[in-house]
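Undergrad: Those protein sequence lines, which keep their order, are chains A and B. Using my numbering, the first residue of the first sequence is number 1, and each one after it goes up by one. Using my numbering, the first residue of the second sequence is number 1001, and each one after it goes up by one. Backbone N, C-alpha and C fix where the C-beta goes; we use that ideal spot for every residue, glycine too.
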Amino acid sequence: AQSVTQLGSHVSVSEGALVLLRCNYSSSVPPYLFWYVQYPNQGLQLLLKYTSAATLVKGINGFEAEFKKSETSFHLTKPSAHMSDAAEYFCAVSYTNAGKSTFGDGTTLTVKP
Amino acid sequence: DAGVTQSPTHLIKTRGQQVTLRCSPKSGHDTVSWYQQALGQGPQFIFQYYEEEERQRGNFPDRFSGHQFPNYSSELNVNALLLGDSALYLCASSLAITQQETQYFGPGTRLLVL
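Right, dumping it as structure tokens:
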């Protein structure tokens, strides 16, 4: 069964610092990978997705992620954190279609002034 | 262009009752998926509807059922509610059953079972 592991349920960074949120997936078949952001009391918004094109994927709000098959990882980064980046971030994987995704448990990002 | 809408936003039920949640997909989308998000966890796939039929289903009991209407809107029904059914229920829509289509999520319905 496909699974997604997000290392670190809580990550805290200072404003302006690098953001690194980790995601590893389990699969022998290259999946489609997604990062979503969820603000309090809201649904999920897609940040970026990997669909077997370029391994470095750029998303919205300055985020990017790199697909590393050898490490089965898809870590999310942003060079400089903003206060508005504070939210819950979810990594997800799918193999059949975008509608049936398996999500990680999420990482709460806190940005300190 | 209206995004995905869900109703109601909040709901309180008691154990054993039945509940119906509603979802209108983003304009032009024909596929609707439902997810359950328990507190502190990631969303879990319940099922997906396309062309008014359930196409895929996650690991949820038969108490969870759904429907898709000709206008692509969808309902999620849960019978014999349990305390553990308390969660945020998210609807997501996409265009056709292809792997690369982006899902758009609604704001969710927060269900509390007492």
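So is Lys100/A in contact with chain B if we call contact Cβ pairs under 9 Å?
TA: The sequence position of residue 100/A within the first sequence is 100, counting from 1. Chain B, which has a Cβ nearer than 9 Å to the Cβ of Lys100/A, makes this yes.
Undergrad: Assign Phe90/A to one of two classes, buried (16 or more other C-beta atoms within 10 Å of its C-beta) or exposed (fewer than that).
TA: Along the first sequence, read from residue 1 onward, the residue named residue 90/A stands at position 90. By the neighbour-count rule (16 or more Cβ atoms within 10 Å), Phe90/A is buried.
Undergrad: Nearest by alpha-carbon distance to Phe74/A: which of Tyr95/A, Val11/A and Leu20/A is it?
TA: Counted from its first residue, the first sequence places residue 74/A at position 74. Taking only the C-alpha atoms, the option nearest Phe74/A is Leu20/A.
Undergrad: Could you have a look at Ser14/A and say whether DSSP puts it in helix, strand or coil?
TA: Here the question's residue 14/A lines up with position 14 in the first sequence. Three-state result, Ser14/A: strand.
Undergrad: Which residues in the same chain as Leu1083/B place their Cβ atom closer than 6 Å to its Cβ, once the five residues preceding and following it in sequence are excluded?
TA: Within the second sequence, numbered from 1, the residue matching residue 1083/B stands at position 83. Around Leu1083/B: Val1113.
Undergrad: Check Glu1101/B in the structure and name its three-state DSSP category.
TA: On the second sequence, residue 1101/B is found 101 positions in, with the first residue counted as 1. The answer is coil: DSSP assigns Glu1101/B none of H, G, I, E or B.
Undergrad: Using a beta-carbon distance cut-off of less than 7 Å, what residues from the segment 1030 to 1043 of chain B approach chain A?
TA: Those would be Thr1031, Ser1033, Gln1041, Gly1042 and Pro1043, in chain order.
Undergrad: Whole angstroms are fine: how far does the CA of Tyr1050/B sit from the CA of Lys49/A?
TA: What you label residue 49/A is simply residue 49 of the first sequence in a count that begins at 1. What you label residue 1050/B is simply residue 50 of the second sequence in a count that begins at 1. Whole-angstrom Cα-Cα distance: 22 Å.
Undergrad: Got a sec, what are the start and stop residues for the beta strand (DSSP E) Ser26/A sits in?
TA: For the purposes of this step, residue 26/A is taken as residue 26 along the first sequence, with counting starting at 1. Ser26/A -> beta strand (DSSP E) spans Asn24 to Ser26.
Undergrad: If you reduce the DSSP assignment to three classes, tell me which class Lys100/A lands in.
TA: The residue given as residue 100/A occupies position 100 in the first sequence. Here Lys100/A sits in coil by DSSP.
Undergrad: Taking 8 Å as the threshold, find out whether the segment 34 to 45 of chain A comes into contact with the segment 78 to 94 of chain A through three or more Cβ pairs.
TA: They touch, by the three-pair rule.
Undergrad: Going along chain B in order, which residues have a C-beta closer than 8 Å to the C-beta of Val90/A?
TA: Walking along the first sequence from the start, residue 90/A turns up at place 90. Going by the sequence as given, residue 90/A is Phe instead of Val. What Phe90/A touches in chain B: Gly1042 and Pro1043.
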